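Trainee: Once you've had a glance at the structure underneath, I'll fire off some questions.
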Amino acid sequence: MIVRRFFVTVFAATLLVGACGGDPPPPPPPPQPDADSLARYQDSVRRAEEERRRLAEEEAERRRAEEARQRAIAAARATLEEMVFFDYDMSEIRNDAETALRAKVEILRRSPQVQIRIEGHADERGSTEYNMALGNRRAEAIRQFLVGFGLNENRFEIVSFGEGRPLQQGSTESAWARNRRGQFVITAGGNAINPGQ
Amino acid sequence: MSRVVNVVRVMSRAVALAWVVGAVSASAAEAQDELPGVELGLFYSNTYVPALAIQPFRGSFGGDAIAAQVEAIVGRDLRNSDRFEVLDSIPDAFIGSEVDYALWDRLGAVWLVTGEVEGAGDGYVVNLELHDVVYGEVREQGRFQLPGDTDEDFRMSVHRGSDEVVRWATGDPGMAASRIAFTMYDNDGNKDIYVIDSDGENLQRVTYYNDLTESPTWSPDGDRIAFSSFKELGVPRIYEVDRFGRNERMLPEVRGKGDYITPTYHPDGRTLAFTVNGSSTQSGIFTYNLEEDCCLSFLSGGPWYDVGPTYSADGRWMAFMTMRFGDHVPQVMMMPSEGGSAETLSPYEYGGGGFYAGPDWSPHGDLVAFHGRIDRAGRYHILVANLADGGRVLRQLTSEGNNEAPSWAPDGRHIVFAGERSWGFGLMIADVTTGRIRSLIGGRRVDLPDWSPSLPAR
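Here's what the structure looks like:
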């Protein structure tokens, strides 16, 4: 920048002198920068520029890695919070639920500070008090499944909402299927989720 | 007392026997609800229902202003008692101011009720008389204090008079002077507790928690209501309030973490029985002495999920729902109220799909009501198990819609339950003797009714 301004100044001065006409005194010789010092100067400028670029790239790289990590944590959190569903009037863990729960086990093993509240829910059929108990049995079945993989029982608390908090309103087969579920709420260690590699 | 013991002894012997069920031909629509070995049917004894007439009530000293109102309340109570055929549309021209037994006899009345309301201070006194038309004489009479007609105890005071008339005529208690507590959904999906008088009047909201609040139950003196609620803690705990929702207190976490649900009072009013659903090793039915704030006792449970205890009137037995036979086949069992071995009350069949829940023990005698479904495709109906008739007689009270959560009236004869019909939800009242069903409150999403004891004057 400084270099360019220097040359611009010299050039402008030359034009000015040329425009005067008449019998001008011989122009003073333009100041000749010392070739060595100029090279040194340009070199240092280039090095500074490279350093700056390197730092910026590092920063971007770091940011990309952090973003990837945050995405992985968000994905791990989503995996932990993914609901599982049950068959009508049953508390047995279904095959699809088993897959979802195994994925949670991996994350929970890597993230020992994470604690979870398991919520059991039922569809509207059957009686209210029966559904409270059924929700408990579902939550407890999930907890026992997780504990079966060696996770500490104290990391999980369970609660049943019975039929009181449906995910989907309506008295249809599809609404009922959505409402017979286990939900997962991270109650501690939410900022200590280790998403792994 | 000894009768109950005998019944249980009989039942123990009868476990292998087929269920004795009074069955009338089931309609085609109910044919799917038949379980091999158990026949359910609507079965009502052909009881004699005497005709009762009400002569227009008279008033004096200011009582004339409310005489017709008192008469209307008494008339409806006597209809609701299902013990009389109350004669309607008697031409006024036939009715003089004096009692004319010959006239009432010709109109077919067996009983006649007359009433006279007098102003007395801030309130009134109503003098009720029950006449035996056949013998042409006054059978009983009584004077009942009424507060002013804007007083909140006014209608209940009239109901107490009606219940006395029932007692005079039948020797059995009435149930008009009582209330029913229940839960009702609001538009946000929350449930709060409400109470309503037994005749469907005077709906009042008790709690304003705007959360999930369930399973209200009356104390034996009718002063308090216990229930479970998610309010504050986000997990269900058991609370107790007076019937205005005031003077709240929480049952302490006597059994650690878990859901504290389905409370019921021991008939002595001091002990509360309830369910804690925590881990499978900590769950079960417990009792706790509210009065002395001590003495947690474990009755039954473990991994079985025993829920919703209910005491026999003498406090010696307890019925409850259990899931020990499997998730989808809850059954009703009974056991000594101090804990002990339990017997199945519902018609459990190994491998069957029978679903029975929500038991409530009658305040008079050896009857337990619950709801059930014979197979997985069936609908839920109100059933009554009679433990006294040499075995287990199971009767079905309802025949349409879905019907859940029965609760006995203090007369041991009526049952309130939550019904679902094509038009919506409502609370309904069935008379066990005649099978008559009336609607208490309809068109709202209501649930888990609990009928109070007879409410004394205060």
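In the order they appear, the protein sequences are chains A and B. Residues in the first sequence are numbered consecutively from 1140, following the numbering used here. Residues in the second sequence are numbered consecutively from 27, following the numbering used here. Heads up, the beta-carbon is just placed ideally off N, CA and C, and yes, glycines get one too. Quick caveat: nothing in here was measured; it's all calculated off a predicted structure.
Would you say V20 (chain B) and W387 (chain B) are within 7 Å of each other, going by their C-beta atoms?
Mentor: Not covered by the structure: residue 20 (chain B). The range shown for chain B is 27 to 484.
Trainee: Strictly below 7 Å CB to CB, what residues from chain A border Y331 (chain B)?
Mentor: A1272, N1275, R1276
Trainee: For V333 (chain B) and D340 (chain B), what's the separation of their Cα atoms in angstroms?
Mentor: Distance between the alpha carbons of V333 (chain B) and D340 (chain B) is about 21 Å.
Trainee: Quick one: which chain A residues come within Cβ less than 8 Å of T288 (chain B)?
Mentor: E1268, M1271
Trainee: Under the DSSP definition of a beta bridge, which residues are partnered with C320 (chain B)?
Mentor: B:N315
Trainee: Looking only at its own chain, which residues have a Cβ that is under 8 Å from the Cβ of S28 (chain B), when we skip the five neighbours before and after it?
Mentor: Here the model assigns S28 (chain B) a pLDDT of 39, short of 50, so the residue's position is not dependable, and the following value carries that caveat. Same-chain partners within the cutoff: there are none.
Trainee: Taking the Cβ atom as the reference point for each residue, do H397 (chain B) and E446 (chain B) lie within a distance shorter than 7 Å?
Mentor: no
Trainee: Have a look at the DSSP bridge pairing and note the partners of N303 (chain B).
Mentor: B:D285
Trainee: With a cut-off of 8 Å on the beta carbons, I'd call V151 (chain B) and Q171 (chain B) a contact; round off their distance for me.
Mentor: 6 Å
Trainee: How should V160 (chain B) be labelled, buried or exposed, when 16 other C-beta atoms within 10 angstroms of its C-beta is the threshold for buried?
Mentor: Exposed is the call here.
Trainee: Is the Cβ-Cβ distance between F256 (chain B) and L238 (chain B) less than 7 Å?
Mentor: yes
Trainee: Using a Cβ cut-off of 7 Å (strictly closer), state whether D473 (chain B) contacts chain A.
Mentor: yes
Trainee: By DSSP, does Q1283 (chain A) sit in helix, in strand, or in coil?
Mentor: helix
Trainee: Give, in chain order, every residue of the stretch 342-353 of chain B whose Cβ lies closer than 8 Å to some Cβ of chain A.
Mentor: M347, M349, D353
Trainee: As a quick exercise: from B:S367, B:A368, B:G365, B:L409, pick the residue whose alpha carbon is nearest that of F381 (chain B).
Mentor: B:L409
Trainee: Should A1278 (chain A) go down as buried or exposed, given a rule of 16 or more other Cβ atoms within 10 Å for buried?
Mentor: buried
Trainee: Taking the beta strand (DSSP E) that T348 (chain B) falls in, what are its first and last residues?
Mentor: 343-348
Trainee: Does DSSP put T394 (chain B) in a helix, in a strand, or in coil?
Mentor: The question names Thr, yet the displayed sequence has Val at residue 394 (chain B). Looking at V394 (chain B) - three-state DSSP - the assignment turns out to be strand.
Trainee: Would you check if the stretch 256-272 of chain B and the stretch 304-312 of chain B touch, i.e. whether three or more CB-CB distances between them fall below 8 Å?
Mentor: no
Trainee: Residues in the same chain with beta-carbon distance under 7 Å from A368 (chain B), minus the five sequence neighbours each way, listed in chain order, please.
Mentor: Spatial neighbours of A368 (chain B) in its own chain (CB-CB distance under 7 Å, excluding positions within 5 residues in sequence) are listed in chain order as S326, M359, M360, M361.
Trainee: Just to confirm, are S245 (chain B) and Y314 (chain B) a CB contact at a threshold of 7 Å?
Mentor: no
Trainee: Could you check what DSSP says for H185 (chain B) in three-state terms: helix, strand or coil?
Mentor: helix
Trainee: Under 9 Å Cβ-Cβ, which residues of chain B neighbour M1222 (chain A)?
Mentor: Within chain B, no residue comes near M1222 (chain A); the closest Cβ sits about 18 Å away, beyond 9 Å.
Trainee: Considering only residues of the same chain and omitting the five flanking positions on each side of E163 (chain B), which have a CB-CB separation below 6 Å?
Mentor: none
Trainee: Going along chain A, which residues have a C-beta under 8 Å from K217 (chain B)?
Mentor: G1303
Trainee: Does any residue of chain B have a CB that is nearer than 7 Å to the CB of S1230 (chain A)?
Mentor: yes
Trainee: Within 10 angstroms of the Cβ of V1184 (chain A), are there 16 or more other Cβ atoms? Answer buried if so, exposed if not.
Mentor: exposed
Trainee: Shorter than 6 Å, the distance from the beta carbon of R471 (chain B) to the closest heavy atom of the ligand ATP, or not?
Mentor: Within the structure as shown, the ligand ATP is missing, as the structure has no ligands at all.
Trainee: My assumption, with CB atoms under 8 Å, is that S348 (chain B) sits in contact with P356 (chain B). Please give the rounded CB distance.
Mentor: The question names Ser, but residue 348 (chain B) in the sequence shown is Thr. With 8 Å as the limit, T348 (chain B) and P356 (chain B) qualify as a contact, their Cβ atoms being about 7 Å apart.
Trainee: What did DSSP end up calling A93 (chain B) once you bin it into helix, strand or coil?
Mentor: helix
Trainee: Compare the beta carbon distance of E144 (chain B) and G89 (chain B) with 7 Å and say whether it is the shorter of the two.
Mentor: yes
Trainee: Quick check on G101 (chain B): does DSSP put it in helix, strand or coil?
Mentor: When DSSP states are grouped into helix, strand and coil, G101 (chain B) belongs to the helix group.
Trainee: Within this structure, are the beta carbons of R1276 (chain A) and Y286 (chain B) separated by less than 7 Å?
Mentor: No, they are not a contact pair.
Trainee: In chain A, what lies closer than 7 Å to P356 (chain B) by C-beta?
Mentor: Y1269
Trainee: With D131 (chain B) as the anchor, note down where its alpha helix (DSSP H) starts and where it stops.
Mentor: 127-132
Trainee: Please report the straight-line C-alpha distance between G12 (chain B) and R1264 (chain A), rounded to a whole angstrom.
Mentor: Past the edges of chain B, shown from 27 to 484, lies residue 12 (chain B), and the structure says nothing about it.
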